[in-house]
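Participant: This is the structure, below, for whatever I ask next.
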Amino acid sequence: MLFKVDSTNTFGEFVAVEEAGSYNVRISNAELKTSHAGNSMLVVDYEVTDGKYQGGTIRFDHIVWSDYNEEALNLSIKRFNTLLVATGVEDGTEINSLDSMARGLVGRELGIAVDWDTEPNNKGRYNLRVKARFAKMASGSKPNGKREPNQSPTNSATAMVNGFNQSRQQQAPTQNGWGSPNQGASTNQSFNQTPTNSATRMGKGEQVDIQDDDLPF
């Protein structure tokens, strides 16, 4: 037998996030890339965890690490501290590498504020860009009604048959060294563990053609 059919283990319905605003999200993927300028860069994908766009994805949040001088290093530390603190990582947690940090972030939850890019991509569409990261909001996600420029409202619950593009809304959150956020596991673990075959796809060394000047942070 190869496997048994299980209705609880299926891809959910694809949900497009069609408004800017503030959203509670779970980190669904984190990959280490190399920017066009040669700097290490964390690329993070999020899944909305509540509200009208629950299950929708906000992708390609870029957080650059540069340390060519003391000022750049201090700014990099502040960027990554902002992300880690927003996900509930405790003060004093030692981060030994961006690789281990990326693995430890998958499955953690936080809040993000997003707005539309000012310029369209090469397909003429505008992407949502993360403008701020903060602790998960007890009051829930808050779309602000601002839709993609030059686009008419569409059905945000459009289903897709390609499983690779669908939300994994019906599957359990990815586990990491902390367990799930509400299990009381120590947040001081797992950032510096040896790499394993985790859900995170590590793209170390893979170059991405993104200018640092184009990034929001």
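When we follow UniProt numbering, the leftmost residue of the sequence shown carries the number 1, and every step to the right adds one.
Built from N, CA and C at the ideal position, the CB exists for glycine as well.
1) Have a look at the DSSP bridge pairing and note the partners of VAL43.
2) Using a Cβ-Cβ cut-off of 6 Å (strictly less than) and excluding sequence neighbours within five positions of GLN54, which residues of its own chain qualify?
3) For PRO19, list the residues DSSP reports as bridge partners.
4) Check whether the Cβ atoms of LYS136 and GLY111 sit closer than 8 Å, and answer yes or no.
5) Where does ILE77 sit, in a helix, a strand or coil, going by DSSP?
6) Can you name the residues that DSSP bridges to LEU128?
7) How far does the alpha helix (DSSP H) with GLY104 in it extend, from its first residue to its last?
8) ARG129 and ASP117 look like a contact to me (Cβ under 8 Å); what is the Cβ gap, rounded to whole Å?
9) Note down the Cα distance separating ASN39 from GLY124, rounded to an integer number of angstroms.
10) Hey, out of ALA20, LEU73 and VAL43, whose CA is closest to ALA30's CA?
11) Comparing C-alpha positions only, which one of LEU75, ILE58, LYS33 and VAL15 sits nearest to TYR126?
12) When DSSP labels each residue in this structure, what does LEU110 get in the three-state scheme?
13) To which residues does DSSP link ASN24 through a beta bridge?
Facilitator: Concretely, from the data shown:
1) Against the sequence shown, residue 43 aligns to sequence position 43. Answer is GLU31 and HIS62, bridged to VAL43.
2) Residue 54 sits at position 54 when you count from the first residue of the sequence shown. Taken in chain order, the residues that qualify are VAL48.
3) Position 19 of the sequence shown, counting from 1, holds the residue named residue 19. Residue 19 is actually Glu in this sequence, not Pro. For GLU19, which the question treats as bridged, DSSP gives the partners ARG147.
4) In the sequence shown, counting from the first residue as 1, residue 136 sits at position 136. In the sequence shown, counting from the first residue as 1, residue 111 sits at position 111. Judged by their CB atoms, LYS136 and GLY111 are nearer to each other than the 8 Å cut-off.
5) Within the sequence shown, numbered from 1, the residue matching residue 77 stands at position 77. The answer is helix: DSSP assigns ILE77 an H, G or I state.
6) On the sequence shown, residue 128 is found 128 positions in, with the first residue counted as 1. As a beta-bridge residue in DSSP terms, LEU128 pairs with TRP116.
7) In the sequence shown, the residue the question calls residue 104 occupies position 104. Segment 98-105, the alpha helix (DSSP H) holding GLY104.
8) Position 129 of the sequence shown, counting from 1, holds the residue named residue 129. Position 117 of the sequence shown, counting from 1, holds the residue named residue 117. With a Cβ gap of about 5 Å, ARG129 and ASP117 count as contacting.
9) By 1-based counting over the sequence shown, the position of residue 39 is 39. By 1-based counting over the sequence shown, the position of residue 124 is 124. Taking C-alpha positions only, ASN39 is separated from GLY124 by approximately 28 Å.
10) Reading the sequence shown from its first residue, position 30 is the one you call residue 30. Ranking the options by Cα distance to ALA30, first place goes to VAL43.
11) Working through the sequence shown from its first residue, we reach residue 126 at position 126. Per the Cα distances, ILE58.
12) Here residue 110 refers to the residue found at position 110 when the sequence shown is read from its first residue. In the structure shown, LEU110 sits in a strand (DSSP, three-state: E or B).
13) Here residue 24 is taken as the residue at index 24 of the sequence shown, counted from 1. Partner(s): GLY111.
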